[in-house]
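For reference, the structure is listed below as structure tokens.
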Amino acid sequence: MEWHSQLIQYLATGITTGAIYALVALGFTIIYNSTEIINFAQGEFVMLGGMIAASLLAMAGMPMWAAIMLAIALATLLGVIFEQLAIRPVKNPSVMNLIIITIGGSILLKGAAMIIWGKDDRPLRSFSSSQPLHIFGAAVTPQSLWVMAGTLVAVILLHFFYEYTITGKALRACAYNKKAARLCGISVERMVLFSFALSAAIGALAGILIAPITFTSYDVGTMLGLKGFCAAIFGGLGSNPGAVLGGLVIGALESLSAGYISSGYKDAVAFLIMLLVLYFRPTGILGKRSEKV
Amino acid sequence: MKKLALFTAILVICGLTFASAIAQNKPAKAPYKIGAVIDVTGSASGLGEPEKQTLLMLTDELNAKGGINGHKIEMIIYDNESDPTKAVTKAKKLVSEDKVIAVIGATQSGTTMPIVDIISEAKIPLVSVAASWKIVTNPETKQTRPWVFKTAQSDSLAVSKIYEYLNKNNISKVALITVSNGFGDSGRGELQRLAPSFKITIVADERFGEQDADMTAQLTKIKGTDAQVVICWCIQKGAALVAKNFKDLGMPQKLIMSHGIANQNFLDLAGAAANGIILPAGRLIVAEQLPLTDLQRKGLLDYKSKFEAKFSPAKVSTFGGHAYDAFKILTNALKKAGPEPEKLRAEIEKTKNYAGCGGIFNMSAADHEGLTKDAFVMVQIKDGKWELIN
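Just so you know, the protein sequences line up as chains A and B, in that order. Under the working numbering, the first residue of the first sequence carries the number 1, and numbering increases by one thereafter. Under the working numbering, the first residue of the second sequence carries the number 1, and numbering increases by one thereafter.
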């Protein structure tokens, strides 16, 4: 195999995983912007998306697109329930308390998934044919293209939502200054609820997109959640473009290091990058919110 | 008068129950307690669950026939949650609290190794259902551990079988891709150690992490070499991902895997990507295809039909087979020698020509595994089914 097709192969693989990290990172960003909390249950919604879709397809035998829609809807509903039962009723809602609650929620969701679905890995079939395409000598599976396309569409929709809709603008207002937003008549509670729903939906989408490539099981959320968190930190917590960039960079670097150095260090790469960013540029590459209003 | 009649009636009833209680207790001798430490939950649950089911099934079966020389078997199974630390706690409990006469387990080499010394010090037999040769042979002194036996075939036997197959097909250049854990490291070690004696050259040696979700990078490197076959040493999800990536990359080589993938879960995960994979496997998964002259055939089919009737829809698995052999070897010896530990140990050592699930066992003082490479047959996966290669 020529060196350049090898390089393209590593990059194609890396960008696929990176796109998933990007979606997970977006989930972190959305909630962080409206509440300042880091939702450590984010990874579990990725798991839920994949697991629900896999079992819907296995049980009911419904068409792929319907299973995907229903899985996203169910995961979103769970996100809403999570906010209503675990986040909203907290008497002393300091950021630290809420973050610890999300860790608890993550353990609860993971445990429940283990009891419901068992511990085996589950396959999810590819969205379209599994015959790989050959691009400059590198093999790219159609599912990788689905992942990239799905992420791209999600990012574009999210951008339009934030820029051009009232709800999106209200969310941004909450992100800039909660008090001022409230004074303008924006219901911050509703925006928080909405952001939990949105991030659960994006997480579930990520879980469904990646499941045909990597399989899914009750415990996939932990690592994907952590990698997504690294990506969000890399890009600057709170910045949507930063989250996407962070995901892609971390995915690509992981794949390159697995190819050229050793796969043993692959996971370390993401965390090393996060540490370096926190040390040299704590606001992240694209983060601007160092001084809060 | 009425009172007296009532009193008598009560007296009679009490007397009858007492008598029947005595009558029931009378022929029963104290049960033989056998302990088991199994990875029922945790990462090796797919292996441990059928082992537990098999042990319970065989215990019920033996007790229904009246036990061993009038003694029923009491099987005490503890779950170590695939955790070596918990395996130690449970093994200690079996020895000191339950006072068992022998122990079966644990499921993996990683969970067996820490309990080897505990059981040896208690001077009772341990029959492991895990694979590593280090379980029965002390790797430093090269001495056979007197109290420890095992029923799962060693990696070296699987590797020898693969290399024998390659020699037969005039293939000499191989690439390795192995998982970085106990199973993968042990397999990799044996693949490297035995290669020269079969005149095999290893042209690439790639590894991946247990939780890795994509092995394209490692396979891409292998694709660039002149390897004729790729040998992957991993189980479950990791192995299925290698199979998928292998197919997606359109690798020109043949893919050979270890005996660790010989279960239904692997076929479900890998789907069409499993097609064409060649592996050495115990005879259990191809029992129906064995020639009628095969010594293991009858026993295998018998175990299979009983297990699948009892635990349907669960399918019989190689790992349950290891527990089957452990139970049979132990109870056969118990029948002849009784529960006295030294006699029991010596009797297990004398096991000869026992045709079990894992192969035909011939133990000796120096060999506490008792199998040869012929415990394996070469199998190819075809459309989600195992096919015997002749």
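Ideal Cβ positions, reconstructed from N, Cα and C, are used throughout, including at glycine.
Scan the segment 8-22 of chain A for residues whose Cβ lies nearer than 7 angstroms to a Cβ of chain B and list them as they occur along the chain.
Gln-9, Tyr-10, Thr-13, Thr-17
Which of the three DSSP states, helix, strand or coil, is assigned to Asp-205(B)?
Collapsing the DSSP output to three states places Asp-205(B) in a strand.
Name the residue from Lys-254(B), Ile-124(B), Thr-293(B) whose alpha carbon lies nearest to the alpha carbon of Lys-223(B).
Per the Cα distances, Lys-254(B).
Check the Cβ-Cβ distances between Phe-215(A) and every residue of chain B, and say whether any is below 8 angstroms.
yes
Distance cutoff 8 angstroms, beta carbons only. Does Lys-237(B) sit that close to anything in chain A?
Judged by the 8 angstroms Cβ criterion, Lys-237(B) is in contact with chain A.
If you compare alpha carbons, which of Thr-112(B), Ile-101(B), Ile-285(B), Asp-60(B) is closest to Val-37(B)?
Thr-112(B)
Using a beta-carbon distance below 8 angstroms, is Ala-217(B) in contact with chain A?
yes
With 16 other Cβ atoms within 10 Å as the buried cut-off, status of Glu-342(B):
exposed
Report buried or exposed for Tyr-21(A), applying the criterion of at least 16 other Cβ atoms within 10 angstroms of its Cβ.
buried
Which of the residues in the segment 264-296 of chain B, read from start to end, lie with their CB under 9 angstroms from any CB of chain A?
Asn-265, Asp-268, Leu-269, Ala-270, Gly-271, Ala-272, Ala-273
What is the DSSP secondary structure of Thr-151(B), counted as helix, strand or coil?
Under the three-state reduction of DSSP output, Thr-151(B) falls in the coil class, being neither helix nor strand.
When the Cα atoms are used, what is the spatial distance from Gly-43(A) to Leu-344(B)?
52 angstroms
Which of helix, strand or coil does DSSP assign to Ser-55(A)?
helix
Which residues in the same chain have their Cβ closer than 8 angstroms to the Cβ of Ala-154(A), if we skip the five residues on either side of it in sequence?
Leu-23, Leu-26, Ile-202, Leu-205
Reference Trp-147(B); option with closest CA among Glu-74(B), Glu-121(B), Leu-219(B), Glu-140(B):
Glu-121(B)
Could you compute how far the alpha carbon of Asp-121(A) sits from the alpha carbon of Lys-237(B)?
7 angstroms
Using DSSP with H/G/I as helix, E/B as strand and the rest coil, what is Lys-328(B)?
helix
For a contact defined as C-beta to C-beta under 7 angstroms, what are the partners of Ser-255(A) on chain B?
Within chain B, the residues near Ser-255(A) are Ala-217.
Buried or exposed: which applies to Ser-197(B), given that a residue is buried once 16 or more other Cβ atoms fall within 10 Å of its Cβ?
exposed
Counting only beta-carbon atoms, is Ala-139(A) nearer than 8 angstroms to chain B?
For Ala-139(A), the nearest beta carbon of chain B is closer than 8 angstroms to its own beta carbon.
Going along chain B in order, which residues have a C-beta closer than 9 angstroms to the C-beta of Pro-307(A)?
This structure leaves residue 307(A) out entirely; chain A is present only between 1 and 293.
When the Cβ atoms of the segment 209-229 of chain A are set against those of the segment 115-133 of chain A, are three or more pairs found closer than 8 angstroms?
Because the criterion of three Cβ pairs below 8 angstroms is met, the segment 209-229 of chain A and the segment 115-133 of chain A touch.
Mapping the DSSP letters down to three states, classify Lys-237(B) as helix, strand or coil.
helix
Name the DSSP bridge partner or partners of Lys-254(B)?
Val-229(B)
Mind pulling the beta strand (DSSP E) runs of 3 or more residues that sit fully within the segment 69-120 of chain B?
71-79, 102-105
Enumerate in chain order the residues of its own chain whose CB-to-CB distance from Gly-238(A) is below 8 angstroms, with the five nearest sequence positions on each side excluded.
Thr-29, Tyr-32, Asn-33, Ala-175, Gly-287, Arg-289
For a cutoff of 8 angstroms on Cβ pairs, would you count Ser-290(A) as touching chain B?
The predicted model places Ser-290(A) with a pLDDT of 46, which falls under 50 and marks its position as unreliable; any figure quoted below should be read in that light. No, because no Cβ of chain B sits closer than 8 angstroms to the Cβ of Ser-290(A).
Please classify Val-70(B) as buried or exposed, where buried requires at least 16 neighbouring CB atoms within 10 angstroms.
The identity of residue 70(B) in the sequence shown is Gly, whereas the question assumes Val. Exposed, since its Cβ has fewer than 16 Cβ neighbours within 10 Å.
Given 8 angstroms, three or more beta-carbon pairs between the segment 40-57 of chain A and the segment 258-271 of chain A
no
Looking at C-beta atoms only, is the number of pairs between the segment 75-82 of chain A and the segment 230-237 of chain A that lie closer than 8 angstroms three or more?
no
Within its chain, find whatever has a CB closer than 8 angstroms to the CB of Gln-211(B); leave out the 5 residues flanking it on each side and keep chain order.
The same chain holds no residue with a CB closer than 8 angstroms to that of Gln-211(B) once the five nearest residues on each side in sequence are set aside.
Checking contacts by CB at 8 angstroms: is Gln-211(B) closer than that to chain A?
yes
Using the C-alpha atoms, what's the distance from Thr-85(B) back to Val-95(B)?
Rounded to the nearest angstrom, the two C-alpha atoms are 16 angstroms apart.
Neighbouring residues, chain B, relative to Gly-259(A) (Cβ below 9 angstroms)
Thr-216, Ala-217, Gln-218, Thr-220, Lys-221
Identify every residue that forms a DSSP beta bridge with Val-174(B).
Ile-202(B), Val-229(B)
Compare the C-beta of Pro-123(A) against all C-beta atoms of chain B and say whether one is closer than 8 angstroms.
yes
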